[in-house]
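Enquirer: Chains as they are written, first to last, in the working numbering: chain X, 6 to 256; chain D, 18 to 193; chain L, 118 to 523.
Just so you know, even glycine gets a beta-carbon here, dropped at the ideal spot from N, CA and C.
I have a structure I would like to understand better, so I am pasting it below and will then ask my questions one at a time.
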Amino acid sequence: MKRIVLAAVAALTLGAPAALASGEGDLAAQSWSFDGIFGQYDRHAMQRGFQVYKEVCAACHALKYVAFRNLADLGFNEEEIKAIAAEYQIADGPDEAGDMFTRPGRPSDQFPAPFANDQAARASNNGALPPNLSLITKARAHGPDYVYALLTGYRDPPADVVLGEGMNYSLAMPGNQIAMPPPLTEGQVTFADGTPATVEQMSRDVVQFLAWSAEPTLEERKNAGIKSMLFLALMTGLLYVSKRRIWSKLH
Amino acid sequence: MAEHGTAAVHTGETRRDFLYVATAAVSVVGVGAVGWPIVDSMNPTADVLALATTEVDLVPIEVGQAITVVWQSKPVFVRHRTDQEIAAAADVAIEDLRDPQADGDRVQKPEWLILIGICTHLGCIPIGYKGDFNGWFCPCHGSHYDTSGRIRVGPAPENLKVPPYTFTTDTSIVIG
Amino acid sequence: MSNSYRGSAVVRWVNDRLPIFTFLDHQMRDYPAPRNLNYWWNYGSLALVALVLQIVTGIFLAMHYIGDARFAFDSVEHIMRNVNYGWLLRYLHSNGAALFFLVVYVHIFRGLYYGSYKSPREILWWIGIVIVLAMMATAFMGYVLPWGQMSFWAATVITNLFSAIPLLGQEIVAWLWGGFAVGGPTLTRFYALHYLLPFVIFGLVFLHLWALRTVKSNNPLGIDVRGPQDTVPFHPYYTSKDYFGMGLFLLVLAGFVFYAPNYMGHPDNYIPANPMVTPTHIVPEWYFLPFYAILRAIPDKLGGVIAMAASLLVLFVLPWLDTSRVRSARFRPIYKVIFWFLLADVVLLGYVGSQPAEGIWIHIGRALTAYYFFHFLILTPVVGKIERPRPLPQSIAAVVLKGGKA
Numbered sequence: 006m007k008r009i010v011l012a013a014v015a016a017l018t019l020g021a022p023a024a025l026a027s028g029e030g031d032l033a034a035q036s037w038s039f040d041g042i043f044g045q046y047d048r049h050a051m052q053r054g055f056q057v058y059k060e061v062c063a064a065c066h067a068l069k070y071v072a073f074r075n076l077a078d079l080g081f082n083e084e085e086i087k088a089i090a091a092e093y094q095i096a097d098g099p100d101e102a103g104d105m106f107t108r109p110g111r112p113s114d115q116f117p118a119p120f121a122n123d124q125a126a127r128a129s130n131n132g133a134l135p136p137n138l139s140l141i142t143k144a145r146a147h148g149p150d151y152v153y154a155l156l157t158g159y160r161d162p163p164a165d166v167v168l169g170e171g172m173n174y175s176l177a178m179p180g181n182q183i184a185m186p187p188p189l190t191e192g193q194v195t196f197a198d199g200t201p202a203t204v205e206q207m208s209r210d211v212v213q214f215l216a217w218s219a220e221p222t223l224e225e226r227k228n229a230g231i232k233s234m235l236f237l238a239l240m241t242g243l244l245y246v247s248k249r250r251i252w253s254k255l256h
Numbered sequence: 018m019a020e021h022g023t024a025a026v027h028t029g030e031t032r033r034d035f036l037y038v039a040t041a042a043v044s045v046v047g048v049g050a051v052g053w054p055i056v057d058s059m060n061p062t063a064d065v066l067a068l069a070t071t072e073v074d075l076v077p078i079e080v081g082q083a084i085t086v087v088w089q090s091k092p093v094f095v096r097h098r099t100d101q102e103i104a105a106a107a108d109v110a111i112e113d114l115r116d117p118q119a120d121g122d123r124v125q126k127p128e129w130l131i132l133i134g135i136c137t138h139l140g141c142i143p144i145g146y147k148g149d150f151n152g153w154f155c156p157c158h159g160s161h162y163d164t165s166g167r168i169r170v171g172p173a174p175e176n177l178k179v180p181p182y183t184f185t186t187d188t189s190i191v192i193g
Numbered sequence: 118m119s120n121s122y123r124g125s126a127v128v129r130w131v132n133d134r135l136p137i138f139t140f141l142d143h144q145m146r147d148y149p150a151p152r153n154l155n156y157w158w159n160y161g162s163l164a165l166v167a168l169v170l171q172i173v174t175g176i177f178l179a180m181h182y183i184g185d186a187r188f189a190f191d192s193v194e195h196i197m198r199n200v201n202y203g204w205l206l207r208y209l210h211s212n213g214a215a216l217f218f219l220v221v222y223v224h225i226f227r228g229l230y231y232g233s234y235k236s237p238r239e240i241l242w243w244i245g246i247v248i249v250l251a252m253m254a255t256a257f258m259g260y261v262l263p264w265g266q267m268s269f270w271a272a273t274v275i276t277n278l279f280s281a282i283p284l285l286g287q288e289i290v291a292w293l294w295g296g297f298a299v300g301g302p303t304l305t306r307f308y309a310l311h312y313l314l315p316f317v318i319f320g321l322v323f324l325h326l327w328a329l330r331t332v333k334s335n336n337p338l339g340i341d342v343r344g345p346q347d348t349v350p351f352h353p354y355y356t357s358k359d360y361f362g363m364g365l366f367l368l369v370l371a372g373f374v375f376y377a378p379n380y381m382g383h384p385d386n387y388i389p390a391n392p393m394v395t396p397t398h399i400v401p402e403w404y405f406l407p408f409y410a411i412l413r414a415i416p417d418k419l420g421g422v423i424a425m426a427a428s429l430l431v432l433f434v435l436p437w438l439d440t441s442r443v444r445s446a447r448f449r450p451i452y453k454v455i456f457w458f459l460l461a462d463v464v465l466l467g468y469v470g471s472q473p474a475e476g477i478w479i480h481i482g483r484a485l486t487a488y489y490f491f492h493f494l495i496l497t498p499v500v501g502k503i504e505r506p507r508p509l510p511q512s513i514a515a516v517v518l519k520g521g522k523a
């Protein structure tokens, strides 16, 4: 069933007819630092992932709902965030003359979208709509594994496969076709911390970043969860003993 | 757990009471722990808090002019005072004021008066260059403020508030 | 009012003017509950806990949610990202809704097992069914509010059920939608109703409790209370038991909220609603799946809708379909067996509802649907007639004090 759902989702993304192929588009389960009860994000990986998003993905994909100030979660300080925000031009206005204008970004601004609207995005991308990435790991079944498989799943098509116009061959997609050309190549970005920029490394890192953009409150949630569960267990235990005491009067 | 030790010597009744009290206390703490997030959800959200500062370019404001900018959803008056206005603000017996404050304590540079434009009476917005002292006049209940924004006549209890601000250059400020 | 209420001076002062403490005493301390209620009787009070939780979290979510199709999806993300503890409120609300249904379904099956619908509790039972119907409407409209893909298409599919109504179907659907398709007006009116209905449910719960106080609780033996030796005061005995059950419920809820908040949700609902693209496999929330399976089992539009409605409405006449005068399945050897068959049937229907409507699933769904109605319309009356019940005990006290199963 998961596979079918995934196929549905993938077909949606592509705007292509759904090829409900069984056995294709398999996702290998990866292990992520944010999995599990105590799972947290990896700050270094997120910072590298942010660099990948900024230098590669952002050309076509929006990061709606994420503001520059949120980058504090990645470990950036206020000055760094101001500097990052100032690299972007943000549409603002109207000014006194009634005209819209652009100005450098501020920490309170959200990441600007690369295209003014969906139509402009399609026009620039061979008819395909690059989805907003800020919810992508929650909007796909097994989202982090899906994104990783997609980014690392490009291959040359086998001889007997005929691809659609402008389509690329992918192991991750059901039907093995994807409109997005391979976005990552070896050494495409230069990480400040010297981590080698292999396709796998960049993919893992950008998944960390995207998982955070989809669920920035994950760490807060899990921390609160441990406290809540322990507290509730204590309370329930006390309630049970009290109940036993009260009922013991009866017998 | 001092109570536990003493309870043990007492009768079972005491121990039972302690159990019920402890259970009730823990449950009340639990209710409180759930209550706080619910209450806190009504506090200003993160995106609202992020808009806490406003930059103002002072160059276009002529002497004798005032503009109103928005800071944290509130009007802020930025007034380029004339020499007469500065003199009038200084020439006041401070001890006679309802809310005694020297003009020098209310400005960083005498020519620039920066005030939160909300009447300290009940929150209306006073009108500039009006009233008995040519400062501000609040039309709601008739409070008169002077050219330093201090309450002189009327029901308002306090002077117009000065927001926190800094001069980033000689001709621009950041409020907040 | 001669009022010698015990307690502090303040309590007495209030009680003399508004006898609220006397009232509470009367309701809780003096209410005689059968002394043998087992843990399956916890689910009624749990349902009330769940309802209150939904109302409280819902009110505070409503302070940030925007019931306008242009902003609804964004406002939910705003709640998740910017509102203090917004993620907690939303996850409590969405997972709380699912657990509310779980609790109520257990409550219903408890009633079925122990014959709680039988005389004199028919009206109590009816009010319960009305509550479930109101819950379903509320949950459905609540699911539409985030305005994701599943929200939009759930709204489309479910409102289209009304188009099966002969003659006026299309007009009724357009009236529901406030347009030519599901859209902004639909979302806004669903929001208004989603806010209103929980308070209607709350009122129904009071009727439910009123009826309960009148006819008194059933019990696992299904025999009537014969005297004080058969009962204990509701407070502190069942209040303490209910509090313990509530603790367990909150643990389960917290487990979902903190560690698997989207487990019962659907990834597609994190994609904004798109009226031009239907997800290829749409499924309702799990608590609707059995009914969804019944809907799809009938190869006829109107027929499917009627079958689905009938699957719930049949419960209204159950008190008369069941011809046995013995309430508890404990003393009904055949009914006990068919009860478990029914439960299995409903669970399997739920599974079928989650599968695509193709191939073998269609046939299995039809068989299970047929069995569902066979159970209520044929088996229940016939078994009541032919079954020879085991002898009923003398009294509740006799069983409890003998050390029998309480």
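Should the region 68-84 of chain X be called in touch with the region 205-223 of chain X, which here means at least 3 C-beta pairs below 8 angstroms?
Expert: At 8 angstroms Cβ cutoff, the stretches touch.
Enquirer: Closer than 8 angstroms, CB to CB, is Y159(X) near chain L or not?
Expert: As a first step, residue 159(X) must be located in the first sequence, where it is residue number 154. Y159(X) does not count as touching chain L.
Enquirer: Identify the continuous alpha helix (DSSP H) that holds S90(D) and give its terminal residues.
Expert: As a first step, residue 90(D) is located in the second sequence; it is residue number 73 there, counting from the start. From DSSP, S90(D) is part of no alpha helix (DSSP H); its letter is neither H nor E.
Enquirer: Indicate whether at least one CB of chain D lies closer than 8 angstroms to the CB of V173(L).
Expert: In the third sequence, counting from the first residue as 1, residue 173(L) sits at position 56. By this cut-off, V173(L) is an interface position.
Enquirer: Any residues in the region 61-95 of chain D with a beta carbon nearer than 7 angstroms to a beta carbon of chain L? Which ones, in chain order?
Expert: Flagged, chain order: T62, A63, D64.
Enquirer: Can you confirm whether G28(X), when its beta carbon is compared against all beta carbons of chain L, has any partner nearer than 8 angstroms?
Expert: The count along the first sequence starts at 1 and reaches residue 28(X) at position 23. Note on G28(X): pLDDT 35, under 50, position unreliable in the model; the coordinate value appears next. Answer no: the Cβ-Cβ gap between G28(X) and chain L never drops below 8 angstroms.
Enquirer: Secondary structure at I318(L), three-state DSSP: helix, strand or coil?
Expert: Position 201 of the third sequence, counting from 1, holds the residue named residue 318(L). Note: I318(L) maps to helix in three-state DSSP.
Enquirer: Helix, strand or coil for H161(D) per DSSP?
Expert: As a working mapping, residue 161(D) is identified with position 144 in the second sequence. Reduced to three states, the DSSP call for H161(D) is strand.
Enquirer: Quick check on the DSSP output: the alpha helix (DSSP H) that includes L368(L) runs from which residue to which?
Expert: Looking up residue 368(L) in the third sequence gives position 251. Note, L368(L): alpha helix (DSSP H), 356-376.
Enquirer: Please confirm if V246(X) has its CB atom under 8 angstroms from at least one CB of chain D.
Expert: One-based indexing of the first sequence puts residue 246(X) at position 241. It does: the Cβ of V246(X) has a partner Cβ on chain D nearer than 8 angstroms.
Enquirer: Counting contacts by CB-CB distance shorter than 8 angstroms, is G470(L) in contact with chain X?
Expert: Your numbering for residue 470(L) matches position 353 in the third sequence. No, because no Cβ of chain X sits closer than 8 angstroms to the Cβ of G470(L).
Enquirer: Does any CB atom of chain L fall closer than 8 angstroms to the CB of A144(X)?
Expert: Within the first sequence, the letter at position 139 stands for residue 144(X). Yes, its Cβ sits closer than 8 angstroms to a Cβ of chain L.
Enquirer: Give the residues of chain D in contact with F177(L), contact being defined as C-beta atoms less than 8 angstroms apart.
Expert: Reading the third sequence from its first residue, position 60 is the one you call residue 177(L). Going along chain D in sequence order, the residues near F177(L) (Cβ under 8 angstroms) are I55, S58, M59.
Enquirer: Can you tell me whether DSSP reads E288(L) as helix, strand or coil?
Expert: If you number the third sequence from 1, residue 288(L) lands on position 171. If DSSP states are grouped into helix, strand and coil, E288(L) belongs with the helices.
Enquirer: List the residues of chain X that I479(L) touches, going by C-beta distances under 9 angstroms, in chain order.
Expert: Here residue 479(L) corresponds to residue number 362 of the third sequence, with the count starting at 1. In chain order: nothing, as chain X lies at least about 16 angstroms away.
Enquirer: If we ignore side chains and look at the alpha-carbon of each, how far apart do A154(X) and Q35(X) end up?
Expert: Taking the first residue of the first sequence as position 1, residue 154(X) is located at position 149. Taking the first residue of the first sequence as position 1, residue 35(X) is located at position 30. Each residue's alpha carbon lies about 9 angstroms from the other.
Enquirer: Of all Cβ atoms in chain X, is any one closer than 8 angstroms to the Cβ of M197(L)?
Expert: Counted from its first residue, the third sequence places residue 197(L) at position 80. So yes, M197(L) belongs to the interface.
Enquirer: With H, G and I counted as helix, E and B as strand and the rest as coil, what does DSSP make of Q101(D)?
Expert: Along the second sequence, one-based indexing puts residue 101(D) at 84. Reduced to three states, the DSSP call for Q101(D) is helix.
Enquirer: So, is the C-beta of L365(L) closer than 8 angstroms to a C-beta in chain X?
Expert: Position 248 of the third sequence, counted from the first residue, corresponds to residue 365(L). By this cut-off, L365(L) is an interface position.
Enquirer: Would you tell me roughly how many angstroms separate the C-alpha atoms of I172(L) and K91(D), rounded to the nearest one?
Expert: Residue mapping note: residue 172(L) aligns to position 55 of the third sequence, counting from 1. Residue mapping note: residue 91(D) aligns to position 74 of the second sequence, counting from 1. Answer to the nearest angstrom: the Cα atoms are 34 angstroms apart.
Enquirer: Alpha carbon to alpha carbon, what distance is there between D114(X) and H398(L)?
Expert: Along the third sequence, one-based indexing puts residue 398(L) at 281. Along the first sequence, one-based indexing puts residue 114(X) at 109. Looking at the two C-alpha atoms, the distance is approximately 37 angstroms.
Enquirer: Closer than 8 angstroms between beta carbons: that is the criterion. Which residues of the region 181-214 of chain L meet it against chain D?
Expert: Residues passing the 8 angstroms Cβ filter: H181, H195, R198, N199, V200, N201, Y202, G203, L205, L206.
Enquirer: Would you mind giving the Cβ-Cβ distance between L205(L) and L178(L), rounded to the nearest angstrom? I have them listed as a contact below 8 angstroms.
Expert: The sequence position of residue 205(L) within the third sequence is 88, counting from 1. The sequence position of residue 178(L) within the third sequence is 61, counting from 1. Not quite, the Cβ-Cβ distance comes to about 11 angstroms (not below 8 angstroms), so this is no contact.
Enquirer: What three-state label does DSSP hand S139(X) in the structure shown?
Expert: Here residue 139(X) is taken as the residue at index 134 of the first sequence, counted from 1. S139(X) falls in the coil class under three-state DSSP.
Enquirer: Provide the residue(s) that pair with Q115(X) in DSSP beta bridges, ordered along the chain.
Expert: Against the first sequence, residue 115(X) aligns to sequence position 110. For Q115(X), which the question treats as bridged, DSSP gives the partners A72(X).
Enquirer: Would you mind reading off the limits of the alpha helix (DSSP H) that contains Q213(X)?
Expert: On the first sequence, position 208 is the one that residue 213(X) refers to. Unbroken alpha helix (DSSP H) run through Q213(X): 204-219.
Enquirer: How many whole angstroms separate the CB atoms of F448(L) and P506(L), which I take to be in contact at a CB cut-off of 8 angstroms?
Expert: Taking the third sequence and counting its residues from 1, one reaches residue 448(L) at position 331. Taking the third sequence and counting its residues from 1, one reaches residue 506(L) at position 389. Yes, they are in contact, since the Cβ atoms of F448(L) and P506(L) sit about 5 angstroms apart, within 8 angstroms.
Enquirer: Should I248(L) and H325(L) be called a contact, given that it needs their Cβ atoms to be closer than 8 angstroms?
Expert: To locate residue 248(L), count along the third sequence from 1; it is residue 131. To locate residue 325(L), count along the third sequence from 1; it is residue 208. For I248(L) and H325(L), yes; Cβs fall inside 8 angstroms.
Enquirer: Is V43(D) close to chain X? Criterion is C-beta to C-beta, closer than 8 angstroms.
Expert: On the second sequence, position 26 is the one that residue 43(D) refers to. Interface residue, yes.
Enquirer: On the three-state DSSP scale, how would you describe V191(D)?
Expert: Along the second sequence, read from residue 1 onward, the residue named residue 191(D) stands at position 174. Correct three-state label for V191(D): strand.
Enquirer: Please go through the same chain and pick out, in chain order, the residues whose beta-carbon is closer than 6 angstroms to the beta-carbon of G159(D), but skip the five residues on each side of it.
Expert: Residue 159(D) sits at position 142 when you count from the first residue of the second sequence. So the qualifying residues of the chain are G171.
Enquirer: Starting from D191(L) and walking both ways along the alpha helix (DSSP H), at which residues does that stretch end?
Expert: Against the third sequence, residue 191(L) aligns to sequence position 74. Note, D191(L): alpha helix (DSSP H), 189-198.
Enquirer: Give me the subset of the region 72-85 of chain X whose CB atoms are less than 8 angstroms from a CB atom of chain D, sorted by chain position.
Expert: The residues in question are A72, R74.
Enquirer: Output needed for Q346(L): all residues of its chain with C-beta closer than 6 angstroms, excluding positions within five of it in sequence on either side, in chain order.
Expert: The residue labelled residue 346(L) in the question sits at position 229 within the third sequence. A514, listed in sequence order.
Enquirer: Three or more beta-carbon pairs under 8 angstroms between the region 183-197 of chain X and the region 325-340 of chain L, yes or no?
Expert: Result no; under three Cβ-Cβ pairs closer than 8 angstroms.
Enquirer: Does the beta carbon of P384(L) come closer than 8 angstroms to any beta carbon on chain X?
Expert: Indexing the third sequence from 1 puts residue 384(L) at position 267. Taking Cβ atoms only, chain X reaches closer than 8 angstroms to P384(L), which makes this a yes.
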